[in-house]
Structure formats: structure tokens, C-alpha cells
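Colleague: In my numbering, the protein residues as written are 34 to 338.
Got a structure for you, questions after.
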Amino acid sequence: MLELKNISKVYKQKGVSVTALNNINIKFADTGLVFLLGKSGSGKSSLLNIIGNLDKQTSGEILLDGNNVSKFKGRTLDSYLNSYIGFIFQDYNLIDEYNVYKNIDIALSLQRKKKNKENINKILEIVGLTGLGNRKTNELSGGQKRRAAIAGVLAMKPKVLVLDEPTAAMDTSTRQHFWKIIQNLKEKGVTIFYSSHYIEEVEHTAERILVLHRGKLLRDTTPFAMREAEHEKQLTLSKIFLPIVEKLSDINNIEVKNDTVTFMTKEIDSVWQKLQKQGCQITDIEIQNKSLLNTLFEQTEEMEK
Ligand code: ADP
Ligand code: MG
């Protein structure tokens with residue numbers, strides 16, 4: 034089991050300190066898909082790079098089965114990095130003038146692992162690149178390149194596969210294919226630790242969702258619990274209902290915009306019953322699921338525009 038204890042990361046540049054991670058505590062059981070969600074700049078890459086030993090934390094410890102990873106050297110470190118963690122960082126590159134096989138060979142030789150063409154062909158099948166082993170990587174589409182990179186990491190047979198924003202540059206169909214690969218790997222028992230800034234991707238079969246916000250772990254939850262805990266609804270009605278809305282209890286954030294009134298509630302059943310008694314009909318109302326996370330990510334999008 035991998036455990037992060039009080040992990041903080043402070044970058045210092047030109048005398049300015051940026052706290053990218055603020056006292057992060059996470060324990061990973063070796064199963065399933067862990068989804069690390071956070072808007073751009075929330076600290077996802079900082080965290081993953083520390084787990085993948087590409088960078089050092091400013092303070093705190095990573096423990097593998099109780100042993101401090103920062104004390105690993107030589108073979109123990111190799112085995113942590115190769116057999117335990119397989120890492121694909123955000124802008125992973127292949128060597129263009131080599132074919133897919135050769136790229137995977139290079140990845141394996143870096144890890145001093147033996148090549149086995151039969152195994153590699155199986156991996157190409159998993160990532161949907163059957164028959165493309167001899168294709169030069171600069172003759173692959175963007176999505177195929179990404180999958181070839183994943184194949185290279187899978188060839189190392191890691192227990193935990195760490196993917197930093199793998200779908201960021203993918204079109205919709207590649208993304209769907211990618212999710213099939215992930216499902217397949219999960220069924221084979223690989224633990225996948227996956228980061229994204231797309232809240233929509235939460236719908237996929239994550240066992241666990243970690244939400245990072247400004248370097249802090251804001252949520253450590255499951256898709257089900259997240260939906261349960263954050264079932265606040267947003268209601269929008271014509272402004273003519275404003276006098277009725279103002280008399281309702283259990284609502285908040287009343288906003289009047291043009292000819293509509295909008296408000297939030299966690300008590301949708303009782304609010305709806307009261308509105309109905311006042312002559313409001315279902316066709317008069319628009320209801321949306323709004324969670325804290327939705328709000329957080331909406332604000333982010335506005336800021337980024
Ligand atoms: P994410 O991957 O979620 O977009 P990052 O981990 O890349 O977030 O960045 C977290 C914060 O740390 C950001 O404010 C970013 O600007 C800052 N940061 C990341 N890398 C460096 C660095 N090498 N030097 C200084 N600041 C950095
Ligand atoms: Mg990043």
C-alpha cells in the first residue's frame with residue numbers, strides 16, 4: 034500500500050514562494066481507479082511527479098508498505114519505479130523516427146527489462162494498436178501516439194499506472210477508446226491513478242475521487258457519495274413567481290436575472306410541494322443538479338476565459 038503523509042510542495046522562483054501542495058494525506062489500497070480531479074494549477078502534476086519520483090516534496094513522506102520511498106536506492110528504487118509505478122507524464126513524447134516496437138523496446142531497455150514480442154503484441158492489442166507495431170510513430174495520429182506511449186509503460190507491467198491528464202489532448206472518439214483501455218486494465222488488476230481537469234470524466238468508473246483545490250485535498254470520496262452529498266438543486270422560474278419564492282424556506286442564493294428567478298435548495302421535495310400548492314406547474318420550472326464541485330469548476334472556466 035502506498036501512503037502519502039503530510040506532503041507539501043513549495044516552489045521558489047525569483048524570491049517568490051508558490052505553495053503547490055499543502056499537507057496532503059492519502060492512502061492508496063491496491064485496487065481500482067483513482068481519479069484525481071482539479072482545475073488547472075491545483076497541484077495535480079506536482080503531486081503525481083512526487084509519486085513518480087520525478088520531483089521531491091518540500092516536506093512529508095511517501096511510504097510503500099510502511100517503508101519510506103525517499104530512502105530507496107539502487108534496486109529497491111528501480112523496482113518501485115518500474116514494477117510498482119508506471120508513469121506517463123503530461124507531455125510524454127515518443128521518438129518520432131522510430132516505429133512503435135522500437136519505442137517500446139527503448140522504454141523497456143531503460144528499465145533493463147527483457148523484450149518479449151508476443152507480450153508486446155498483446156499490449157498493442159489492449160491499447161488498440163494491433164498491427165501497427167512497425168509503423169513509425171510520426172505516422173500515427175495524436176490519439177494513437179498517446180496509446181503507443183501507454184503501451185510502452187504497460188510493457189513494464191506496473192502495479193500502479195499513473196496518468197497525468199491523458200485525455201487532455203484527445204478528441205471524443207479517442208477518449209472513448211481510451212476509457213475502454215482503462216476498463217480493460219482495471220479488469221486485469223492494474224491500479225490506475227489518473228488526473229484530469231474535466232469534471233465530466235467523473236462519470237467513468239472511478240472507485241475513488243480525490244479533488245485537489247489550490248494545493249489542498251478538498252474531497253476524498255466516491256462517485257456515489259459525491260452525488261449523494263452534493264445533491265443541491267438549482268431551480269429557475271419565471272419572475273412572476275418571485276413573491277412566492279421569497280416566502281419559501283430551505284432555499285438560498287435567490288437571484289433575479291431579466292425575467293427569471295433562480296435559487297438553490299437541498300430540499301427539493303418540500304420546495305416543489307410548496308410551489309405546486311401556489312399554482313406552479315412542472316412546465317414552469319427548470320431544475321438542474323448543482324454541486325459545490327460544479328460551481329467550483331464553473332467559476333474556474335469563467336476565470337480561464
Ligand atoms: P496542475 O497540474 O493541477 O495544473 P501544477 O502541479 O502543475 O498544477 O501546479 C501547481 C502550482 O504550482 C501552480 O500554481 C503552478 O504555477 C506552480 N508550479 C508548478 N511547477 C512549478 C515550478 N517548476 N516552479 C514554480 N511554480 C510551479
Ligand atoms: Mg498538470
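Note that CB positions come from ideal geometry on N, CA and C, so glycine has one too.
Compute the minimum distance between the beta carbon of E319 and the heavy atoms of ligand 1, and state whether it is under 8 angstroms.
Modeller: No, the beta carbon of E319 sits no closer than 8 angstroms to any heavy atom of ligand 1.
Colleague: Which value, in whole angstroms, describes the spacing of the CA atoms of K272 and E300?
Modeller: Computed Cα separation, rounded: 21 angstroms.
Colleague: At the level of alpha carbons, what is the spacing between I215 and L194?
Modeller: If you take the alpha carbons of I215 and L194, they lie about 10 angstroms apart.
Colleague: Give the secondary structure of Y231 by DSSP, where H, G and I count as helix, E and B as strand, and everything else as coil.
Modeller: Looking at Y231 - three-state DSSP - the assignment turns out to be coil, as it is neither helix nor strand.
Colleague: Within 10 Å of its beta-carbon, does Y44 have 16 or more other beta-carbons around it, so buried, or fewer, so exposed?
Modeller: Result: exposed.
Colleague: Any heavy atom of ligand 1 closer than 8 angstroms to the beta-carbon of S6?
Modeller: No answer is possible for residue 6: the residues shown for the chain start at 34 and end at 338.
Colleague: Is it buried or exposed for V49, if we count other Cβ within 10 angstroms and need 16 for buried?
Modeller: With fewer than 16 other Cβ atoms within 10 Å, it is exposed.
Colleague: Between the C-alpha atoms of T298 and N154, what's the straight-line distance to the nearest angstrom?
Modeller: The alpha-carbon atoms of T298 and N154 are separated by roughly 54 angstroms.
Colleague: Is any heavy atom in ligand 1 found nearer than 8 angstroms to the beta carbon of G248?
Modeller: Indeed, a heavy atom of ligand 1 lies less than 8 angstroms from the Cβ.
Colleague: Taking 8 angstroms as the cut-off, does the CB of S228 come closer than this to any heavy atom belonging to ligand 2?
Modeller: Yes, the beta carbon of S228 sits closer than 8 angstroms to at least one heavy atom of ligand 2.
Colleague: Would you tell me roughly how many angstroms separate the C-alpha atoms of Q306 and T295, rounded to the nearest one?
Modeller: Going from the Cα of Q306 to the Cα of T295 covers about 17 angstroms.
Colleague: Report yes or no: do the region 68-78 and the region 125-135 share at least 3 C-beta pairs separated by less than 8 angstroms?
Modeller: The answer is no - the region 125-135 does not touch the region 68-78, with fewer than three Cβ pairs under 8 angstroms.
Colleague: Measuring CB to CB, does W212 end up less than 9 angstroms from H237?
Modeller: It is a contact, given that the beta carbons lie within the stated cut-off.
Colleague: With hydrogens ignored, establish whether the beta-carbon of E198 is closer than 8 angstroms to any heavy atom of ligand 2.
Modeller: Yes, the beta carbon of E198 sits closer than 8 angstroms to at least one heavy atom of ligand 2.
Colleague: If we call anything under 9 angstroms between Cβ atoms a contact, is L54 one with I84?
Modeller: Going by C-beta atoms, L54 is not nearer than 9 angstroms to I84.
Colleague: Could you check whether the region 96-109 touches the region 249-268, counting it as contact only if at least three pairs of C-beta atoms, one from each stretch, sit closer than 8 angstroms?
Modeller: Segments in contact, no.
Colleague: Could you give the distance in angstroms between the alpha-carbon of S282 and the alpha-carbon of R252?
Modeller: About 29 angstroms.
Colleague: Please return the same chain residues whose Cβ sits closer than 8 angstroms to the Cβ of K219, not counting the five positions on each side in sequence.
Modeller: Once the five neighbours on either side are set aside, the close Cβ partners of K219 are G65, L66, I225, T238.
Colleague: Which partner residues does D197 have in the DSSP bridge list?
Modeller: DSSP, once it has assigned bridges, lists S228 as partnering D197.
Colleague: Does the beta-carbon of A184 have 16 or more other beta-carbons within 10 angstroms, so that it is buried, or is it exposed?
Modeller: A184 is buried by the Cβ-count criterion.
Colleague: Return yes when at least one heavy atom of ligand 1 lies under 8 angstroms from the C-beta of Q46, else no.
Modeller: Indeed, a heavy atom of ligand 1 lies less than 8 angstroms from the Cβ.
Colleague: Closer than 7 angstroms by C-beta to K249: which residues in its own chain qualify, once you throw out the five before and the five after it? Chain order, please.
Modeller: So the qualifying residues of the chain are N55.
Colleague: Verify whether the separation of the beta carbon atoms of L245 and G93 is less than 9 angstroms.
Modeller: Not closer than 9 angstroms, so no.
Colleague: Apply the 10 Å Cβ neighbour rule to I59 and answer buried if 16 or more other Cβ atoms are within range, or exposed otherwise.
Modeller: Per the 10 Å Cβ criterion, buried.
Colleague: Who are the near neighbours of N286 in its chain, counting only those whose CB is closer than 7 angstroms to its CB and skipping five residues on each side?
Modeller: Correct list, in chain order: F296, M297.
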